[in-house]
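Visitor: Protein sequences appear in the order of chains B and P.
Residue numbers for the first sequence follow my numbering, so the first one is 1 and each next one is one higher.
Residue numbers for the second sequence follow my numbering, so the first one is 1001 and each next one is one higher.
Just so you know, even glycine gets a beta-carbon here, dropped at the ideal spot from N, CA and C.
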Amino acid sequence: MINYIWVAMTIIGIIFAMFNGTMDDVNKAVFQGAQDAVTLCIGLISVLVFWLGLMKIAQSSGLLDILAKLFRPFVKKLFPDIPDDHPAMGYILSNLMANMFGLGNAATPLGIKAMEQLKKLNGDKDSASRSMITFLVINTSSLTIIPTTVLAIRMNYDSASPAEIVLPTLIATICSTLGAIFIDRFFYNRKNRSGVK
Amino acid sequence: MQLVSTISLWLIPILIGFILVHGTWKKVPTYETFVEGGKEGIKIAISIIPFLVGMLVSIAIFRASGALQFFVDLIKPFLEFIGVPAEIVPLAIIRPISGTAALGMTSDLIATYGPDSFIGRLASVLQGSTDTTFYVLTVYFGAVGIKKMGDALKIGLLADAVGIIASIIVVTLFFGTI
Chain B
1 MINYIWVAMT IIGIIFAMFN GTMDDVNKAV FQGAQDAVTL CIGLISVLVF WLGLMKIAQS
61 SGLLDILAKL FRPFVKKLFP DIPDDHPAMG YILSNLMANM FGLGNAATPL GIKAMEQLKK
121 LNGDKDSASR SMITFLVINT SSLTIIPTTV LAIRMNYDSA SPAEIVLPTL IATICSTLGA
181 IFIDRFFYNR KNRSGVK
Chain P
1001 MQLVSTISLW LIPILIGFIL VHGTWKKVPT YETFVEGGKE GIKIAISIIP FLVGMLVSIA
1061 IFRASGALQF FVDLIKPFLE FIGVPAEIVP LAIIRPISGT AALGMTSDLI ATYGPDSFIG
1121 RLASVLQGST DTTFYVLTVY FGAVGIKKMG DALKIGLLAD AVGIIASIIV VTLFFGTI
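#1: Using a Cβ cut-off of 7 Å, which residues of the stretch 1143-1156 of chain P contact any Cβ in chain B, in chain order?
#2: Report yes if the C-beta distance between L169 of chain B and L143 of chain B is below 8 Å; otherwise report no.
#3: DSSP three-state call for S127 of chain B: helix, strand or coil?
#4: Using a Cβ-Cβ distance under 8 Å, would T1030 of chain P count as near chain B?
#5: Which one or two residues does DSSP pair with K1148 of chain P in a beta bridge?
#6: Going along chain P, which residues have a C-beta under 7 Å from I12 of chain B?
#7: Mapping the DSSP letters down to three states, classify D184 of chain B as helix, strand or coil.
#8: What is the DSSP secondary structure of T22 of chain B, reduced to helix, strand or coil?
#9: Determine contact between the stretch 73-86 of chain B and the stretch 1081-1096 of chain P, defined as no fewer than three beta-carbon pairs at a distance below 8 Å.
#10: Between the Cα of G1023 of chain P and the Cα atoms of B:A37, B:T10, B:Q59 and B:W6, which residue gives the shortest distance?
#11: Taking the Cβ atom as the reference point for each residue, do I1146 of chain P and M132 of chain B lie within a distance shorter than 8 Å?
#12: For A180 of chain B, which of B:H86, B:M89, B:V137 and B:D25 has the nearest alpha-carbon?
#13: Would you kindly report the start and end of the unbroken alpha helix (DSSP H) that includes G1066 of chain P?
#14: Is there at least one Cβ from chain B nearer than 8 Å to A1159 of chain P's Cβ?
#15: Would a check of beta-carbon distances place I183 of chain B closer than 8 Å to chain P?
#16: Would you report the Cα separation of T1133 of chain P and S141 of chain B, rounded to the nearest angstrom?
#17: DSSP three-state label for P87 of chain B, please.
Right under this line is the structure:
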């Protein structure tokens, strides 16, 4: 599906530019977009190196295992396909933790490590497993408890109460995350049932 | 507020300290382990470059051509009909597609309407309550080489819709529509 969306966005954009007289902007966008992507990745190196290094320590010292043990019953329900004591569990948990505390930069490397483990668990195939989809949609729905960036913007524009949106944001986040989990289950169950037929 | 910002300020350094102390206590060769793990970071960052270049260029073309604006205008009446304020529509649509564009729009809305207006609060909550679905999908699946994504994108976007609707309801309940 991603192939079609990718092509569609590009082609629709180019056709639009023909009629819109925005070909010049499109030309700029091609190179600017590519440059932005590389800049973003290079910028990620610093965080990835630092947090993956630190997490390697946490893994060797058994900290990730402790974390995994603590929240296992809860996460086990979300990811029924992951066996006990599998390293994926520890990474998933630390990714969720980092997300909750708004450490987006720390969450990304952990999420990638978790995906790596989930791929191994899935026999190294290039298709997404059930657990991978669940893990991904929990991440795309965001889990932030404290939206630091938004708080900073609100402070910047002299809000009378910059933090008043923290609780509403938390409630909205819980809704979107629960929504993601339920929709994921719905699709999975539907697929399984039609598979039985 | 003071407490919240203090907590977010202290969180990362304390986490770093805790991991290092725990590692030392468990007799982990901390520095060598750190370097070992860090090397993987470089590999991952380089390996996601093609994925991000492809995705970001496509999004940039879509945006720069005016196509994005066209589709926003197209579904605007429908979204307004179900109660989404017109001002917030572009942000709601762009939030899952481009994180930087959404952040720009959020600050723009807050600057224009004021942080303590209905629109300003709604933009704040919307920005904070979902993540950039396309980016997360590209980076996470790209880094480990997943090509068949199953229902991931569909589910992610549907969950974003839930987040948008929840944001509108919650902000209205909390602050009213002024």
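Guide: Considering the structure as presented:
#1: For the stretch 1143-1156 of chain P, the set of residues with a beta-carbon nearer than 7 Å to any beta-carbon of chain B comprises A1143, V1144, G1145, I1146, K1147, K1148, M1149, G1150, D1151, A1152, L1153, I1155 and G1156, in chain order.
#2: Leu is not the amino acid found at residue 169 of chain B; the sequence shown has Thr there. For T169 of chain B and L143 of chain B, no; Cβs fall outside 8 Å.
#3: Shown here, S127 of chain B sits in a strand according to DSSP, grouped into three states.
#4: Answer yes: the Cβ-Cβ gap between T1030 of chain P and chain B drops below 8 Å somewhere.
#5: K1148 of chain P pairs with B:S127.
#6: Going along chain P in sequence order, the residues near I12 of chain B (Cβ under 7 Å) are F1062 and A1067.
#7: In the three-state scheme derived from DSSP, where H, G and I count as helix and E and B as strand, D184 of chain B is classed as helix.
#8: Note: T22 of chain B maps to coil in three-state DSSP.
#9: The answer is no - the stretch 1081-1096 of chain P does not touch the stretch 73-86 of chain B, with fewer than three Cβ pairs under 8 Å.
#10: For G1023 of chain P, the nearest C-alpha among the options comes from B:Q59.
#11: Here I1146 of chain P is near M132 of chain B, since their CB atoms are less than 8 Å apart.
#12: Relative to A180 of chain B, the option among B:H86, B:M89, B:V137 and B:D25 whose CA is nearest is B:V137.
#13: Element bounds for G1066 of chain P: n/a, residue is neither H nor E.
#14: Yes, A1159 of chain P lies at the interface with chain B (some Cβ there is under 8 Å from its Cβ).
#15: Yes, I183 of chain B counts as interfacial toward chain P.
#16: Cα to Cα, the separation comes out at about 7 Å.
#17: Of the three classes helix, strand and coil, the one that applies to P87 of chain B here is helix, per DSSP.
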